[in-house]
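Student: Chains as they are written, first to last, in my numbering: chain A, 12 to 126; chain B, -8 to 101.
We treat Cβ as the ideally placed atom computed from N, Cα and C, and that holds for glycine.
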Amino acid sequence: NAGVMQNPRHLVRRRGQEARLRCSPMKGHSHVYWYRQLPEEGLKFMVYLQKENIIDESGMPKERFSAEFPKEGPSILRIQQVVRGDSAAYFCASSPRSGKDYGYTFGSGTRLTVV
Amino acid sequence: QKEVEQDPGPLSVPEGAIVSLNCTYSNSAFQYFMWYRQYSRKGPELLMYTYSSGNKEDGRFTAQVDKSSKYISLFIRDSQPSDSATYLCAMSFYGQNFVFGPGTRLSVLP
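1. List the residues of chain A whose Cβ lies closer than 7 Å to the Cβ of B:GLN71, in chain order.
2. Taking 8 Å as the CB-CB limit, is B:TYR40 close to chain A?
3. Anyone know if the C-beta pair for B:LEU2 and B:SER70 falls short of 8 Å?
4. With DSSP as the reference, please indicate the residues paired to B:SER83 in a beta bridge.
5. Can you tell me whether DSSP reads A:ARG95 as helix, strand or coil?
6. Check B:PRO72 in the structure and name its three-state DSSP category.
7. If we call anything under 8 Å between Cβ atoms a contact, is B:PHE91 one with A:GLY96?
8. I believe B:GLY0 touches B:ARG96 by the beta-carbon criterion, under 8 Å. Please report the beta-carbon distance rounded to the nearest angstrom.
9. Mind reading off the beta-carbon distance from A:ILE87 to A:ALA100? Whole number of angstroms is fine, and I expect it under 8 Å.
10. When the distance is taken between beta carbons, is B:MET82 closer than 8 Å to B:TYR42?
11. Relative to the alpha-carbon of A:CYS103, which residue among A:PHE80, A:THR124 and A:VAL125 has its alpha-carbon at the smallest distance?
12. So, are the CB atoms of A:GLY39 and A:THR116 less than 8 Å apart?
13. What number of angstroms, rounded off, separates the C-alpha of B:ILE63 from the C-alpha of B:GLN(-3)?
14. Tell me the DSSP secondary structure of B:GLU(-4) in three-state form.
15. Is A:VAL58 helix, strand or coil by DSSP?
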């Protein structure tokens, strides 16, 4: 029973390029959450998705960032025209239903470096 | 004032000690509380999950929630070097969109 799978583990992008981060939730989990972790800081909520729906994107920057969780395939966090300040670890978590009953299971993260 | 506060540490204890990790928070509407352990360069691992006030025990770990004081704790008994990690508390109103503390770094010395 694989856990939450994130890829790539490490991603290097030049300023202005696009970054695509993928997350496959645990089997049976239909709720996906994306968090960002900056060095020496806690995890910051970005977006909460269910299949084909964005439930809460209150933590997403208004520009350049988007997320989707299609009917088939992994959830994608997309960052367009990356800047150095986007360098961080991006974690995906999943839960079978609302996290209030189960808490989250996190993936190992994607470490994005913008050069 | 930050929503969730934790002493960043580092906290160093000898092997076998009882460890007390704490978080304070400002919003009395939080109802759901979690503790995660995060090893360096890894994803957070769920340790304990509680709803509202009270205690919960799981093996060497005990979580306490005191909503009247807006204070939660995680106790680790018989601490081991393998417990050396960063411990994150998290809380939520409805069980979604958890707010995380910055984490406390723990070092258990053999």
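Tutor: Put simply:
1. The sequence position of residue 71 of chain B within the second sequence is 80, counting from 1. Correct list: empty, because the minimum Cβ distance to chain A is about 22 Å.
2. What you label residue 40 of chain B is simply residue 49 of the second sequence in a count that begins at 1. So yes, B:TYR40 belongs to the interface.
3. The sequence position of residue 2 of chain B within the second sequence is 11, counting from 1. The sequence position of residue 70 of chain B within the second sequence is 79, counting from 1. For B:LEU2 and B:SER70, no; Cβs fall outside 8 Å.
4. Looking up residue 83 of chain B in the second sequence gives position 92. Answer by DSSP bridge pairing, in chain order: B:TYR23.
5. One-based indexing of the first sequence puts residue 95 of chain A at position 84. Residue state, collapsed to three classes: helix.
6. Sequence index remark: in the second sequence, residue 72 of chain B carries index 81 (1-based). B:PRO72 falls in the helix class under three-state DSSP.
7. Sequence index remark: in the second sequence, residue 91 of chain B carries index 100 (1-based). Sequence index remark: in the first sequence, residue 96 of chain A carries index 85 (1-based). Contact flag unset, no.
8. Within the second sequence, the letter at position 9 stands for residue 0 of chain B. Within the second sequence, the letter at position 105 stands for residue 96 of chain B. Between B:ARG96 and B:GLY0 the Cβ distance is about 4 Å, and since that is below 8 Å, they are a contact.
9. Stepping through the first sequence from its first residue, residue 87 of chain A is reached at position 76. Stepping through the first sequence from its first residue, residue 100 of chain A is reached at position 89. 17 Å between Cβ atoms; not a contact.
10. Here residue 42 of chain B refers to the residue found at position 51 when the second sequence is read from its first residue. Here residue 82 of chain B refers to the residue found at position 91 when the second sequence is read from its first residue. No; because the gap between Cβ atoms is not below 8 Å, this pair is not in contact.
11. If you number the first sequence from 1, residue 103 of chain A lands on position 92. Of the listed residues, the one whose Cα sits closest to A:CYS103 is A:PHE80.
12. By one-based count along the first sequence, residue 39 of chain A stands at place 28. By one-based count along the first sequence, residue 116 of chain A stands at place 105. No, they are not a contact pair.
13. Start at 1 with the first residue of the second sequence, and residue 63 of chain B comes out as number 72. Start at 1 with the first residue of the second sequence, and residue -3 of chain B comes out as number 6. Looking at the two C-alpha atoms, the distance is approximately 10 Å.
14. Your numbering for residue -4 of chain B matches position 5 in the second sequence. Correct three-state label for B:GLU(-4): strand.
15. In the first sequence, residue 58 of chain A corresponds to position 47, counting from 1. DSSP places A:VAL58 in strand when its eight states are reduced to three.
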